[in-house]
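Note that the working numbering gives residue 198 to position 185 of the sequence shown, counting from 1, and the numbers run on in steps of one.
Worksheet for the structure shown next.
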Amino acid sequence: MFKEMLGPKYDAYLAFVRKQMIKDQIESRGVRDPRVLAAMQKVCRHCFVTEDMVSRAYEDYPLPIHANQTISQPYIVALMSELMGLRGGERVLEIGTGSGYQTAVLAELAGTVDTVEILPELAREAKARLEKLGYSGINYKIGSGEGGWPERAPYDAIIVTCAAKTVPVAFTAQLKEGGRLVIPVGEEPQELRLITKTPAGLEESNICAVRFVPMLSRGS
Ligand code: SAH
C-alpha cells in the first residue's frame, strides 16, 4: 500500500526506516563495527520477507518465512556479523540460508559466501531473490549443513543460523587458524557462542541467550 502511496519516494522512505532501525535496535545495543552498520543500512530486509510481512520488516523481531522457518531479528544478524570479525575479502560459510537476508549482509562484508540450506524450497527462493538483487558470486548448496562444506573449506569464518545441540566437529575442523565460528548451541533459549581457532586450541566465549530454530538432521 505504502508503495503505491509514496511512488518514487518509497525507497528513500525505507532507507530512512532502516536508519532508525540501526540507531534504535542495533547501535543502542552495542554493535559498533561501521562496516556491519553500513551493510545493515544497505540490505533491504523487506525484500526478504513474505508480502504480508513487508510492513513489519524493520521491527525488532524475527519474522516467519515459508516452511515454518524465520528470518532472524535485525539486531541478531548485526551482532553475529560483527562477531565474525570480517574486514573484507574473507571466505565465509553460512549454515541455514533461510530467506537469504543474512547471506546478503555477509556478501556485503566478505569476499566469498558459501551457504547451505536443508529445505530445497527455501534454498531456491533465496537464490532467486539474491540474484534478482544483484548478488553474484554466492555458492549455494541444498542439503544438510551439519558436515559443513568440506570440499570448499577452509573458511575464515562460519556462521550457523540454526541451533545445534552441541558444536559439530566439522565446523571447527573447517576453520582456518585464526578463524571464527558463531553458533547458537543447546536447548531453547540457546547460548550464542563465539569460537576462535588459535594455535593453542579453541577459545570459546558465550555471548548471550538467543532463540533459533533447531538444526534439522538428515532424514528428519
Ligand atoms: N539466516 C536466515 C535464518 C534462517 S532460519 C535468514 O536470515 O533468513 C534457519 C534456517 O536453517 C532455516 O531455513 C532452516 O531450514 C535451516 N536449517 C535447519 N537445519 C539445517 C541443516 N541441518 N542444514 C542446513 N540448513 C538447515
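Cβ atoms here follow ideal geometry from the backbone N, Cα and C, with glycine treated the same way.
At least 3 beta-carbon pairs within less than 8 Å: the region 153 to 162 vs the region 183 to 192: For the pair of segments examined, the region 153 to 162 was found to touch the region 183 to 192: the number of CB pairs separated by less than 8 Å reaches three.
Segment contact flag, the region 81 to 101 with the region 185 to 200, C-beta cutoff 8 Å, min 3 pairs: Contact between the region 81 to 101 and the region 185 to 200 is present: three or more C-beta pairs spanning the two stretches fall below 8 Å.
Assigned secondary structure, cysteine 252 (DSSP; H/G/I helix, E/B strand, else coil): Beyond the ends of the chain as shown, which are 14 and 233, falls residue 252; an answer cannot be given.
Of the listed residues Leu92, Val30, His79, Cys221, nearest to arginine 58 (C-alpha basis): Residue mapping note: residue 58 aligns to position 45 of the sequence shown, counting from 1. Measuring from the Cα of arginine 58, the nearest candidate turns out to be Val30.
Distance cut-off 8 Å: leucine 98 Cβ against heavy atoms of the ligand SAH: Position 85 of the sequence shown, counting from 1, holds the residue named residue 98. Reading off the sequence shown, one finds glycine at residue 98, where the question assumed leucine. No, the ligand SAH has no heavy atom inside 8 Å of this Cβ.
Arginine 45, enclosing beta strand (DSSP E) - first and last residue: Residue 45 sits at position 32 when you count from the first residue of the sequence shown. Where arginine 45 is concerned, there is no enclosing beta strand (DSSP E), given that its DSSP letter is neither H nor E.
Valine 56 and glycine 109 closer than 9 Å at C-beta: Counting from one through the sequence shown, the residue named residue 56 turns up at place 43. Counting from one through the sequence shown, the residue named residue 109 turns up at place 96. Between valine 56 and glycine 109, the C-beta spacing is not below 9 Å.
The ligand SAH heavy atom lying under 8 Å from the CB of glutamine 234: Residue 234 cannot be examined here, being either before or after the span of the chain that is shown, 14 to 233.
Segment contact flag, the region 38 to 45 with the region 71 to 88, C-beta cutoff 8 Å, min 3 pairs: With the cut-off at 8 Å, the region 38 to 45 and the region 71 to 88 touch.
9 Å Cβ cutoff met for aspartate 169 and glutamate 103: Here residue 169 is taken as the residue at index 156 of the sequence shown, counted from 1. Here residue 103 is taken as the residue at index 90 of the sequence shown, counted from 1. Yes, Cβ-Cβ distance for aspartate 169 and glutamate 103 is below 9 Å.
Cut-off 6 Å between Cβ atoms - residues of its own chain near leucine 50, not counting five sequence neighbours on either side: The residue you call residue 50 lines up with position 37 of the sequence shown. By the criterion of a C-beta distance shorter than 6 Å, leucine 50 is surrounded in its chain by Ile35, once the five residues flanking it on both sides are discounted.
Beta-ladder partner(s) of leucine 193, from DSSP: In the sequence shown, residue 193 corresponds to position 180, counting from 1. Here residue 193 turns out to be arginine, not leucine, going by the sequence shown. According to DSSP, which records beta bridges pairwise, arginine 193 is partnered with Ala170, Thr209.
Span separating the alpha-carbon of arginine 137 from that of threonine 125: Sequence index remark: in the sequence shown, residue 137 carries index 124 (1-based). Sequence index remark: in the sequence shown, residue 125 carries index 112 (1-based). Their backbone Cα atoms lie some 19 Å apart in a straight line.
Other residues of its chain near lysine 32: CB distance less than 8 Å, five sequence neighbours each side excluded: Residue mapping note: residue 32 aligns to position 19 of the sequence shown, counting from 1. Non-local beta-carbon contacts of lysine 32 in its own chain, meaning distances under 8 Å to residues more than five positions away in sequence, involve Gln54 in chain order.
Alpha carbon of proline 167 to alpha carbon of isoleucine 78, nearest angstrom: For this step, residue 167 is matched to residue 154 along the sequence shown. For this step, residue 78 is matched to residue 65 along the sequence shown. The straight-line gap from Cα to Cα measures roughly 31 Å.
Check: isoleucine 108 C-beta below 8 Å from any heavy atom of the ligand SAH: Within the sequence shown, the letter at position 95 stands for residue 108. Because some heavy atom of the ligand SAH lies under 8 Å away, the Cβ of isoleucine 108 counts as near it: yes.
DSSP state of isoleucine 78 mapped onto helix, strand, coil: Counting from 1 along the sequence shown, the entry for residue 78 is found at position 65. Three-state DSSP puts isoleucine 78 in coil, outside helix and strand.
Nonlocal neighbours in the same chain, by C-beta distance under 8 Å from glutamine 187, ignoring five residues either side: The residue labelled residue 187 in the question sits at position 174 within the sequence shown. The residues are Leu106, Gly161, Trp162, Pro163, Ala166, Pro167, Tyr168, Ile171.
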